[in-house]
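Working notes, beginning with the structure itself.
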Amino acid sequence: MDSSEAQYKRLTETPVKSLIPRLAIPTVISMLITMLYNAADTYFVSKISVAASGATGILLSLMGIVQAFGFMYGQGAGSNISRRLGARDIEAAKRYCSTAYFSALAVGLIILIFGLVFIEPIMLFLGSTQTILPYAISYGRWILIAAPAMTTSFVMNNILRFEGMAKLAMIGLTTGGILNIALDPLLIFVFKLDIAGAGIATAVSQYIGMTILLSMFLLKKPQSRISIKYFSFKPSITKDILAVGVPSFARQGLNSVSTMVLNIEAQPYGDECIAAMSIVAKIGMGIFSTAVGIGQGFQPVCSFNYGAKLYERVRQSIKFLWQFSTVVIAVLSALCFIFAPWLISLFRKDPEVLEIGTTALRILCVALAFLPTVMTGNMTFQSIGKSGRAFFLACSQNGLFFIPLILILPQFLGVLGIQVSQPIGYTVSALIAAPMLFSYLSHLKKKTD
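Residue numbers (the working numbering): 19 to 467.
Shown next, in the form of structure tokens:
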């Protein structure tokens, strides 16, 4: 039996209760390592000053925008590739892969050039104060240099995952992440590069991770390929990629816009408030990344079996994801709620940062228990190509409700309005996603009866 046939049998015959966790574990590790090196930047930079710590929160928005393009092309291509492989159309899978890779590379280069030319106004637009601005520019310059590596790495990582090769996808991201964590203290403190050292560490690690991922395609590990000869100018290929990928762009992009708006709304309350909310965002991102990692273990199972017309397996995988992820996230949220003061103090011990951050984190932890419902709906509809529903849920998860709330509530509640806006947004989104999921599960049941 050749490798493609073995892969087909594994994704269509292995019980979903064992297959999804098996695919999810490497993905969760990848997501957590990515989150960990982002948190490491915040941790080491926070030792410089409160303003420097705030700069990492400002740049979180920029990194999120860059990653949004990578996710858009990666998830868009990955879903199409998985469904084509489920239908045994390998040539089409190669075209989707190469088209997504080179498109993401071009976008990364555009962001790099445009960002370096307009770096100061961009930092101010993202919510930087005058005291934070010098740190944001110094750090942001290197994040922009890393943009092409970020966009293409996310494409390759997602394609490997959608082909059921989560372990290979994990290697590139975790290697870069571990290197980033090691370089941070060396460049910041030993070589006295301050916040620029954190930026350099991120850029170097991103390019090394990209090289490792690219080598897997050049060695022909997956069935899809990265080669200019497979790049397609056909509008239908790009349309398919974007139709499925735009919900990912919306999810990641609106998360960045939300962070930017949060930073702007936090400005009147000082650098301490911006720093506290930046720290909370990083900790919350750990739980969020775990949920997304579990969901990404589910996506190849869902899309591959949908392409193979095995609708009962699709239904089983959706139900398992919803139940399993809810339990895992509820446990993690409870632990973060209990240890909130200690987690905040790992980054900054300033009394005001501790007070604002602890309250914000505990409120967020309560709402994160609803996150798996939104994530299950979003990833289900994206995996099967129902881009309209996936796009709506992606928007609701990170922006549709949060942005109006963060603009309105602080006017009446002050700092508390900033702290409760995102948790309320998560909760409302879950109330909308649940009936959509129940309806689709009923639809799948009718198709299999």
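We put the beta carbon where it would ideally sit given N, CA and C, even for glycine. Since we're looking at a predicted model, the values are computed, not measured.
In this structure the region 29 to 48 does not touch the region 272 to 286; the number of beta carbon pairs closer than 8 Å is below three.
For Lys337, the closest alpha carbon among the candidates Tyr458, Ser242, Met168, Phe420 is that of Tyr458. Judged by DSSP in its simplified three-state form, Ser242 adopts coil rather than helix or strand. When C-alpha distances from Ala200 are compared across Leu54, Leu462, Met81, the shortest belongs to Leu54. Taking C-alpha positions only, Glu330 is separated from Val125 by approximately 39 Å. DSSP places Ala164 in no alpha helix (DSSP H); its state is neither H nor E. Your pair Ile163 and Leu197 does not check out as a contact, with CB atoms roughly 16 Å apart and the cut at 8 Å. With a threshold of 16 other beta carbon atoms within 10 Å, Gly325 meets it and is buried. Secondary structure at Ala58: helix, using DSSP grouped into helix, strand and coil. For the pair of segments examined, the region 241 to 258 was found not to touch the region 57 to 73: the number of CB pairs separated by less than 8 Å stays below three. Close CB contacts of Ile218 within its chain, under the 6 Å cut and outside five residues either way in sequence, are with Trp160, Leu205 (chain order). In terms of Cβ geometry, Ser171 and Gly88 form a close pair [threshold 9 Å].
In this chain, the alpha helix (DSSP H) harbouring Gln437 covers 433 to 466.
Counted as a single uninterrupted DSSP element, the stretch harbouring Val208 is not any alpha helix (DSSP H), since DSSP gives it neither H nor E.
With three or more CB-CB distances shorter than 8 Å, the region 269 to 284 counts as touching the region 79 to 88. Within a 10 Å sphere around the beta-carbon of Gly194 sit 16 or more other beta-carbons, which makes this residue buried. By the neighbour-count criterion, in which 16 or more other beta carbons inside 10 Å mark a residue as buried, Leu103 falls on the buried side. About 16 Å separates the Cβ atoms of Pro240 and Leu191, ruling out a contact at the 8 Å cut-off.
The C-beta distance from Asn281 to Leu144 rounds to 7 Å, short enough to meet the 8 Å contact threshold. Of all alpha-carbon atoms in Trp340, Ile426, Gly311, Phe410, the one lying nearest the alpha-carbon of Ile51 is that of Gly311. For Gly395, the closest C-alpha among the options Gly304, Leu418, Leu339 is that of Leu339. In terms of Cβ geometry, Pro390 and Ile347 form a close pair [threshold 9 Å]. When the beta-carbon positions are compared, Ala216 and Asp59 come within less than 9 Å of each other. Pairing Gly96 with Asn176 gives a Cβ-Cβ distance under 9 Å. Fully enclosed beta strand (DSSP E) runs of no fewer than 3 residues are not present anywhere in the region 168 to 229. For Leu462, the closest of Ile381, Val332, Leu350, Glu373 by C-alpha to C-alpha distance is Val332. Around the CB of Ala42, 16 or more other CB atoms lie within 10 Å, so the residue is classed as buried.
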